[in-house]
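Take a look at the structure below.
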Amino acid sequence: MTSDLSTSTRRQVLKTAVAVLCCSGMTGGAANARASQTVDQITDPHATAATNMFRFEPDFVTLSPGDELTFLNSRSDHTVHSVPELWPDGVPLVKIAHKKEASVTFDREGFYGFRCRRHGRYGMVMLVVVGRPGGADELREAIETMRAKPRERTGFTGLLDRYQSA
Ligand SMILES: [Cu+2]
């Protein structure tokens, strides 16, 4: 009895996983369609570390030029703001606040740093990498020299480490 139940549960899980794979594969594979990803902004009162209590999820995203990113929950507490020091020259800065949902299209290759205006100091930052840009060393230097709280700096350094070790 018990084993039947667990088998059927396992089958159900497997089915769900296949469905997810199928759909994300379709999105990534369509050559001319603009791909879209979603980033949520989380307040987690159960987080054990302050750096995890407020966060972008995911906080590291890679895109192809022309792709779109949709930010959820830029409301009350959370915002999505460009970090000007970590942003390609000539690309307009992003400022999203008081929006349930807002989308940004990334046409230019490059590194794009974001912070939540309120929680950036607690490490609520994220990195978007569009295409395969050069200049990771310059980005690291910009992170080390820009005006920022320690946790914000550590957050960006960690994200760049993840990009370079990927
Ligand atoms: Cu926030």
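Going by this note's numbering, the sequence shown opens with residue 168, and the numbers climb by one from there. From the three backbone atoms N, C-alpha and C, an ideal C-beta is built for every residue, glycine too.
Quick check on the DSSP output: the alpha helix (DSSP H) that includes A214 runs from which residue to which?
By one-based count along the sequence shown, residue 214 stands at place 47. Unbroken run through A214: none, as it is neither H nor E.
Who are the Cβ neighbours of M313 in its own chain at under 6 Å, not counting the five residues just before and after it?
Numbered from its first residue, the sequence shown carries residue 313 at position 146. Cβ neighbours of M313 beyond the five flanking positions: E252.
Quick check on L260: does DSSP put it in helix, strand or coil?
Translated into the one-based positions of the sequence shown, residue 260 becomes position 93. Three-state DSSP puts L260 in coil, outside helix and strand.
So does H248 have its beta carbon nearer than 7 Å to some heavy atom of ligand 1?
Position 81 of the sequence shown holds residue 248. Incorrect: H248 has no Cβ contact closer than 7 Å to ligand 1.
With DSSP run on the structure shown, which of helix, strand or coil describes R242?
Reading the sequence shown from its first residue, position 75 is the one you call residue 242. Under the three-state reduction of DSSP, R242 is assigned to strand.
Using a Cβ-Cβ cut-off of 6 Å (strictly less than) and excluding sequence neighbours within five positions of V271, which residues of its own chain qualify?
Counted from its first residue, the sequence shown places residue 271 at position 104. Correct list, in chain order: L236 and V261.
Out of R242, A216, F281 and G277, point me to the one whose CA is closest to E268's CA.
By 1-based counting over the sequence shown, the position of residue 268 is 101. The shortest Cα separation from E268 among R242, A216, F281 and G277 belongs to R242.
List, from N- to C-terminal side, the beta strand (DSSP E) runs of 3 residues or more that fit wholly inside the stretch 251-329.
Complete beta strand (DSSP E) runs here, min 3: 262-273, 277-282 and 292-297.
Helix, strand or coil for S231 per DSSP?
The residue you call residue 231 lines up with position 64 of the sequence shown. Note: S231 maps to coil in three-state DSSP.
Considering just the uninterrupted stretch of the beta strand (DSSP E) at R222, what are its terminal residues?
Looking up residue 222 in the sequence shown gives position 55. Segment F221 to E224, the beta strand (DSSP E) holding R222.
Do H265 and ligand 1 come close, with the Cβ less than 7 Å from some heavy atom?
Reading the sequence shown from its first residue, position 98 is the one you call residue 265. It does not: the Cβ of H265 is nowhere closer than 7 Å to a heavy atom of ligand 1.
When you compare only the Cα positions, how much space is there between R282 and A315?
Within the sequence shown, numbered from 1, the residue matching residue 282 stands at position 115. Within the sequence shown, numbered from 1, the residue matching residue 315 stands at position 148. Spanning the two alpha carbons is a distance of roughly 11 Å.
Going straight from the alpha carbon of V250 to that of G298, what length do you get?
Numbered from 1 along the sequence shown, position 83 holds the residue referred to as residue 250. Numbered from 1 along the sequence shown, position 131 holds the residue referred to as residue 298. Cα-Cα distance, rounded: 19 Å.
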